[in-house]
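Here the structure is laid out as structure tokens; the discussion comes afterwards.
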Ligand SMILES: NC(=O)c1ccc[n+]([C@@H]2O[C@H](COP(=O)([O-])OP(=O)(O)OC[C@H]3O[C@@H](n4cnc5c(N)ncnc54)[C@H](OP(=O)(O)O)[C@@H]3O)[C@@H](O)[C@H]2O)c1
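Numbering (the working numbering), first residue to last: 60 to 492.
Now the structure itself:
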């Protein structure tokens, strides 16, 4: 049946939902939206928790507190889920898809948890499931992977996909701030939540890596745990060392091929050379760097968060889904490549930066160097700094397997001359982690 109008319901009118409603109602963009969607879009309702809350962008007559009712509305074509969280968002999305309603969401946690299942449900019911804003906010990287690079063999996707941690690390780098004060500033400016753990412990970046990897390599989205290390252990001394050695510390989300059938997905702080394109991505900005076999290196850069930038990505999805509805088709979800095997983090080789606080007494250096040797990790360079309570040793290793580097750190922690382990950070040299 030919459609004359696409009926859209939105759940959530917060930072992103409110901005999306404003974009949809902007009279100066009416013609552009009509062209892009290939027909008119009607916003039929916006579900929120509290309808009494004053909202500048959403007219009261569109608001409802009955999200389930909106999802079940007869003739609904597209549901936009912008409430966040796993529950009840998952239930609403599943119900919509089962009824053949296309879904647009920005919910990275949900997509990482059960994206493959939801995508199959969408396909079975002739609906679309789009989630561009789930990675990189306003940076349109997912569609680029899904369409422009669909035929390319990608070797690696590496991104600064969490603005909060990039803001903190940039402050530590450019102003010499320590971690605690940089975090405080991020919280004061609204870049970090009161409980920042999802960001600083790498959970958010890990969910985004899963999503990037699914589109770049065909790995499934089914709540699999991947290696994750946060930035809360990074100290200003580490940032200084990186600077003196020609590196910058960034929290990177990485998905890359290992050999013919291996795949590594991880989120962790890394030292990257100052001349790497990602090294100059500062503040709350996001960027994704893609290495394709034939395309060579590519990079997308932009605002990874914020109501308006994120809403533009959501709007792009919405227009795409509307266009599909008008033409009576839907996109096919990505194919899961079951031949790919996850390579455990511990088996990956890299140069490592390891820093330790030590007791300032003779013989310590020899003892510590012996521990590296006992664990099969060879030292590329060493720097000794500070005196007394401040005595510190920093090492760059040669290429070492992560399990060996971790065993070295464990043994160092038990040695009586070692006061405290500082950091153990992978070094990405010449573009290879
Ligand atoms: N903010 C960003 O920069 C950004 C960037 C990328 C992706 N995202 C993703 O976008 C989504 C929305 O984020 P946001 O920042 O806009 O969140 P937000 O400001 O907290 O807004 C959430 C909205 O959802 C509504 N809501 C929450 N639970 C609901 C429920 N059970 N039923 C009905 N409405 C409900 C809230 O209603 P009330 O207003 O009545 O409380 C609010 O309007 C999340 O998945 C987030 O991860 C956000």
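Yeah, the Cβ is synthetic: ideal placement off N, Cα and C, and Gly gets one too.
Everything numeric in this text was worked out from a predicted model, so none of it was measured.
key: Reference residue 232, options 398, 392, 382, 298, closest by Cα   = 298
query = Of all the options 290, 283, 202, which has the alpha carbon lying nearest to the alpha carbon of residue 239?
reply = 290
task = Compute the distance between the beta-carbons of residue 258 and residue 247, then report whether it is under 8 angstroms.
result = no
request  = Kindly list the residues whose CB is nearer than 8 angstroms to the CB of residue 340, restricted to its own chain and excluding five residues on each side of it in sequence; keep chain order.
outcome  = 219, 225, 309, 346, 360
query = Excluding sequence positions up to five away, which residues of its chain have a Cβ less than 7 angstroms from the Cβ of residue 419?
reply = 446, 447, 450
Distance cut-off 7 angstroms: residue 365 Cβ against heavy atoms of ligand 1 = yes
query = Do the segment 150 to 167 and the segment 182 to 197 meet, that is, are 3 or more Cβ pairs less than 8 angstroms apart?
reply = yes
key: Closest by C-alpha distance to residue 436, when choosing among 412, 423, 464, 452   = 464
query = If we count the other Cβ atoms within 10 Å of its Cβ and call it buried at 16 or more, is residue 442 buried or exposed?
reply = exposed
query = According to DSSP, is residue 182 helix, strand or coil?
reply = helix
inquiry  = Below 7 angstroms, is the gap between the Cβ of residue 74 and the nearest heavy atom of ligand 1?
reply    = yes
request  = Return helix, strand or coil for residue 454, following the three-state DSSP convention.
outcome  = strand
request  = Note down the Cα distance separating residue 491 from residue 153, rounded to an integer number of angstroms.
outcome  = Because residue 491 carries a pLDDT of 46, less than 50, the predicted location of this residue cannot be relied on, and the following value inherits that uncertainty. One C-alpha to the other measures close to 40 angstroms.
Which residues DSSP lists as bridging residue 416, in chain order = 451, 479
inquiry  = On the CB-based measure, 16 or more other CB atoms within 10 Å of its CB, does residue 486 come out buried or exposed?
reply    = buried
task = Drop a sphere of 10 angstroms on the beta-carbon of residue 193, count the other beta-carbons inside from all chains shown, and report buried for 16 or more, exposed for fewer.
result = buried
task = Can you give me the Cβ contacts of residue 350 inside the same chain, cut-off strictly under 6 angstroms, excluding the 5 residues immediately before and after it?
result = 214, 215, 356
request  = Could you check what DSSP says for residue 269 in three-state terms: helix, strand or coil?
outcome  = helix
task = With DSSP as the reference, label residue 327 as helix, strand or coil.
result = strand
query = Where does the unbroken alpha helix (DSSP H) through residue 367 begin, and where does it stop?
reply = 366 to 386
ask   = Taking 7 angstroms as the cut-off, is the CB of residue 108 close to at least one heavy atom of ligand 1?
value = yes
key: Length-filtered (3 minimum) beta strand (DSSP E) runs lying within the segment 161 to 205   = 161 to 164
task = Drop a sphere of 10 angstroms on the beta-carbon of residue 206, count the other beta-carbons inside from all chains shown, and report buried for 16 or more, exposed for fewer.
result = exposed
inquiry  = With distance defined between alpha-carbon atoms, name the residue in 296, 306, 278, 338 nearest to residue 320.
reply    = 278
query = Mind checking whether the beta-carbon of residue 291 lies closer than 7 angstroms to any heavy atom of ligand 1?
reply = no
For residue 463, the residue or residues it bridges with in DSSP = Answer is none; residue 463 lacks a bridge partner.
request  = Under the assumption that residue 172 contacts residue 145 (Cβ atoms under 8 angstroms), give the Cβ distance between them as a whole number of angstroms.
outcome  = 6 angstroms
message = Quick test of the definition: if touching needs 3 or more C-beta pairs under 8 angstroms, does the segment 80 to 90 touch the segment 123 to 143?
response = no
request  = Compute the Euclidean distance between the alpha carbons of residue 433 and residue 444, then round it to the nearest angstrom.
outcome  = 24 angstroms
inquiry  = Is residue 360 a contact residue of ligand 1, with contact defined as CB to any heavy atom under 7 angstroms?
reply    = no
ask   = Per DSSP, which one or two residues make a beta bridge with residue 123?
value = 106
request  = With DSSP as the reference, label residue 309 as helix, strand or coil.
outcome  = strand
ask   = So who's on the other strand from residue 499, going by DSSP bridges?
value = Outside the modelled stretch of the chain, which goes from 60 to 492, sits residue 499, for which no answer is possible.
ask   = Among the residues of its own chain, which have a CB less than 8 angstroms from the CB of residue 242, if the five just before and after it don't count?
value = 227, 251, 255, 259
query = Can the beta-carbon of residue 141 be found closer than 8 angstroms to that of residue 75?
reply = yes
Candidates 296, 269, 276, 275: closest to residue 283 by CA position = 269
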